[in-house]
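Order-wise, the sequence lines are chains X and E. According to the working numbering, the first sequence is numbered sequentially starting from 53. According to the working numbering, the second sequence is numbered sequentially starting from 53. In this text, a Cβ means the ideal position worked out from N, Cα and C, and glycines have one as well. Below is one structure, written out as C-alpha cells; the observations come after it.
Protein chains: 2
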Amino acid sequence: MTETQLTIREMCDAYDVTPRTLRFYEAKELLFPERRGQQRLFTKRDQARLKLILRGKRFGFSLEEIRQLLDLYYVGDQQRTQLERTQELARKHLADMQAQRDELQIAIEELKEQMTWGAKRLAELEKIEAQKI
Amino acid sequence: MTETQLTIREMCDAYDVTPRTLRFYEAKELLFPERRGQQRLFTKRDQARLKLILRGKRFGFSLEEIRQLLDLYYVGDQQRTQLERTQELARKHLADMQAQRDELQIAIEELKEQMTWGAKRLAELEKIEAQKI
DNA sequence: CGTTACGTTTACGTTAACGTCATGTGTGCT
DNA sequence: AGCACACATGACGTTAACGTAAACGTAACG
C-alpha cells in the first residue's frame, strides 16, 4: 500500500522539485507538512496543493497569487465574507485564464503559419542545393 | 498620416511600457531602433517585435527564449542550417504552447467546478443567516 | 564506535527583469 | 542667450524564487 505520508526526498522525486523548494513553499505558507520529530512529512493534502502550485506556476501566476487561490480548494469552514472574497478572486482568475487560453490559441495558429512559410523556404533552398550538385 | 517611426515616449504610450524597458530590450537585442542623432526611432518592425515580446511574456516565456523565437518571424535571408535550427526551435515552442493550452483548459474546468461548489456553500450560509433573523 | 546517508536550520548568493537616480546632451521656444 | 524639456547613458537598487554552503542532529550499518 502506497504510504500517504511522503518524506522530503520522496516528495522531490515524485514531483521533480528540490528540497529547498519545498522548504521555501512551507516558509511561504503554501504547504503545511506535519512533523515526525524534526522531519517533515508531506500529507495527501500537501501533495494535492503542490500539484496546484506547480500548475499555477506554469500559467505564470506568482506564488502569492497561488497561495490565495489555494484557499479556494480548501474552503472547508470559512466565514461568509471570506468565502465571498475567495469567490470574487476566483472569478478574476478564471477570466484571466480564459483570456490567456484564447490568446494562446491565436498565437498557436500564427506560429503554425510562420512554420509552414519557413518550411516552404527550406524546400526552395534544398531544390537550389540539389541543382548545384 | 500616422508616422511609422515612433519616439520612445510615443512607443511607451502606445504599448504601455516604460522607457527603461525599451532600452533594456534593445540592450538584450530584442529591438533595434534606428537613430536620429542620439534619439531612438522605433520602426514598424520594432513595433511588431514588441507586440510579440509582450505576448510571449504573457505566456511565461523568458526574454531569451523570445529573442530566439523572434528570428522565426524575421527570417528573410538566413542560411539553411540556421533556418532549420529555427524551425526546430519553433516546433518545440509550438508543442509547449499546445500543451499549455490543453492543461489550461483542464484547469479552467476544475476551477469552474470549485466555484459552483463554493456558490452552493454560500447559498447555504445565506439560508442559515436568514433563519437567524 | 566511526561514518555514511539523510535530514534540519540559518544565512548569504544568484538570476531575470526591470526601477531609480545622477549626470550629461541636443532641441525648440521666448 | 537663457531655459525647459525630452532623451541619453551609466551605475546602483530591488523583488521573486530559489541555489548553495556551513554547521548540526540522528538513525542505521558494518
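is_contact[residue i, chain X] using C-beta, thresh 8 Å
{"i": "A142/E", "result": "yes"}
{"i": "T138/E", "result": "yes"}
{"i": "A171/E", "result": "yes"}
{"i": "L135/E", "result": "yes"}
{"i": "L146/E", "result": "yes"}
{"i": "V69/E", "result": "no"}
{"i": "L163/E", "result": "yes"}
Proximity test, Cβ basis, 8 Å: residue i and chain E
{"i": "R110/X", "result": "yes"}
{"i": "A231/X", "result": "Limits of chain X in this structure are 53 at one end and 185 at the other, which puts residue 231/X out of reach."}
{"i": "R61/X", "result": "no"}
Partner residues on chain X for residue i, Cβ-Cβ distance less than 8 Å
{"i": "L156/E", "result": "F111, M149, Q152, R153, L156"}
{"i": "R107/E", "result": "E155, A159"}
{"i": "L174/E", "result": "R132, L135, E136, Q139"}
{"i": "L177/E", "result": "R132, L135"}
Own chain, CB closer than 7 Å to residue i, minus 5 neighbours either side, in chain order
{"i": "D123/X", "result": "T138"}
{"i": "K80/E", "result": "L115, R119"}
{"i": "Q150/E", "result": "none"}
Cβ-heavy atom distance, residue i to the ligand SAH, below 7 Å
{"i": "K179/E", "result": "In terms of ligand content, the structure shown is empty, and the ligand SAH therefore cannot be addressed."}
Beta-bridge pairing of residue i - partner residues as DSSP gives them
{"i": "Q91/X", "result": "R88/X"}
{"i": "L58/E", "result": "F94/E"}
Proximal residues to residue i (C-beta, below 6 Å), its chain only, five neighbours per side dropped
{"i": "L58/X", "result": "F94"}
{"i": "R119/X", "result": "L82"}
Chain-ordered neighbours of residue i on chain E, where CB pairs are closer than 8 Å
{"i": "Y125/X", "result": "Q166"}
Residue i in three-state terms, based on DSSP
{"i": "L47/X", "result": "Outside the shown range of chain X (53 to 185) lies residue 47/X, about which nothing can therefore be said."}
{"i": "T73/E", "result": "helix"}
{"i": "D123/X", "result": "helix"}
{"i": "Q131/X", "result": "coil"}
{"i": "I158/X", "result": "helix"}
{"i": "G112/E", "result": "coil"}
{"i": "D68/X", "result": "coil"}
{"i": "I185/E", "result": "coil"}
Cutoff 8 Å; reference residue i; Cβ partners in own chain excluding five residues on either side
{"i": "P71/E", "result": "I60, R61, C64"}
{"i": "Y77/E", "result": "L83, L102, I105, L115"}
{"i": "T56/E", "result": "T95, K96"}
{"i": "F111/E", "result": "M149, Q152"}
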